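Undergrad:
Residue numbers (the numbering used here), protein chains in the order written: chain A, 11 to 125; chain U, 41 to 154.
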């Protein structure tokens, strides 16, 4: 149990377009979802924390108007990268929690490449 | 500030060799410590954890002991298998309530050869 999926697993887009990434908890209800970004050979960087039905809490330095997070239900959160630029190219990982922050279940990640 | 430092990889071992991946941390207060593992093509998953000093976390033959005096949480396994090939992340939690978050190390890639 406790499976988290992400879609798409990879995406290539043109500069200036917007890209939406979905994160779903398949067999449990997630009260909290997390979005991370991972650069090559670097650790995971928490971008934002979202609770179902409320606005996401963004980490310092993360532009909330550029990285739109919606957590509309207990099983789905979306991250939209708006007006993407090549520097947004990265590996984006979501996780979901139903109890505490360290009981997070991770999705397999989405590789975004902006041309 | 709060941070996690783990040994750089990649680490390459032969099957049945002894594994140690070093992890040290800097944190205010009393963090909980974790090891996560990411197998090829899969999401991160919790391997083991320890929530207070001198606790030992263990799972799948892996062990790590929370050493407050040396601020360390080294991962060990007595006899690795090919199936242990993965990337291992050391992490800690700080904060309380809704401010609680995971702080990650860079990850250490392990390759086990038959």
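We put the beta carbon where it would ideally sit given N, CA and C, even for glycine. Note that the structure is predicted; figures quoted are calculated from it, not measured.
Need the endpoints of the beta strand (DSSP E) that residue 97 of chain U sits in, please.
TA: Start and end: 96–99.
Undergrad: Note down, in chain order, every chain A residue with its Cβ under 9 Å from the Cβ of residue 141 of chain U.
TA: By Cβ distance, chain A contributes 44, 56, 59, 69 and 111.
Undergrad: With a threshold of 7 Å, establish whether the CB of residue 125 of chain U neighbours any heavy atom of the ligand ATP.
TA: The ligand ATP is absent from the structure shown, which contains no ligand whatsoever.
Undergrad: Please tell me whether residue 14 of chain A has its Cβ less than 8 Å away from any Cβ of chain U.
TA: Answer yes: the Cβ-Cβ gap between residue 14 of chain A and chain U drops below 8 Å somewhere.
Undergrad: For residue 97 of chain A, which three-state DSSP category applies?
TA: Residue 97 of chain A: helix per DSSP, three-state reduction.
Undergrad: Would you kindly report the start and end of the unbroken beta strand (DSSP E) that includes residue 142 of chain U?
TA: That run of the beta strand (DSSP E) goes 141–144.
Undergrad: How many angstroms separate the CA atom of residue 106 of chain A from the CA atom of residue 67 of chain A?
TA: Approximately 15 Å between the Cα atoms of the pair.
Undergrad: Can you find a CB in chain A that lies within less than 8 Å of the CB of residue 145 of chain U?
TA: True, the Cβ-Cβ gap to chain A drops below 8 Å.
Undergrad: In terms of residues, what are the limits of the beta strand (DSSP E) holding residue 47 of chain A?
TA: Taken as a continuous stretch (DSSP letters only), the beta strand (DSSP E) holding residue 47 of chain A covers 42–48.
Undergrad: Is it the case that the segment 40–55 of chain A contacts the segment 57–66 of chain U, given that we only count it when at least three CB pairs across the two stretches are under 8 Å?
TA: No, the segment 57–66 of chain U is not in contact with the segment 40–55 of chain A.
Undergrad: Tell me the rounded alpha-carbon separation between residue 25 of chain A and residue 57 of chain A.
TA: The alpha-carbon atoms of residue 25 of chain A and residue 57 of chain A are separated by roughly 21 Å.
Undergrad: Go ahead and pull the three-state DSSP assignment for residue 122 of chain U.
TA: If DSSP states are grouped into helix, strand and coil, residue 122 of chain U belongs with the helices.
Undergrad: Considering only the alpha carbon of each residue, which of A/117, A/69 and A/87 lies closest to residue 101 of chain A?
TA: The candidate whose alpha carbon is nearest that of residue 101 of chain A is A/117.
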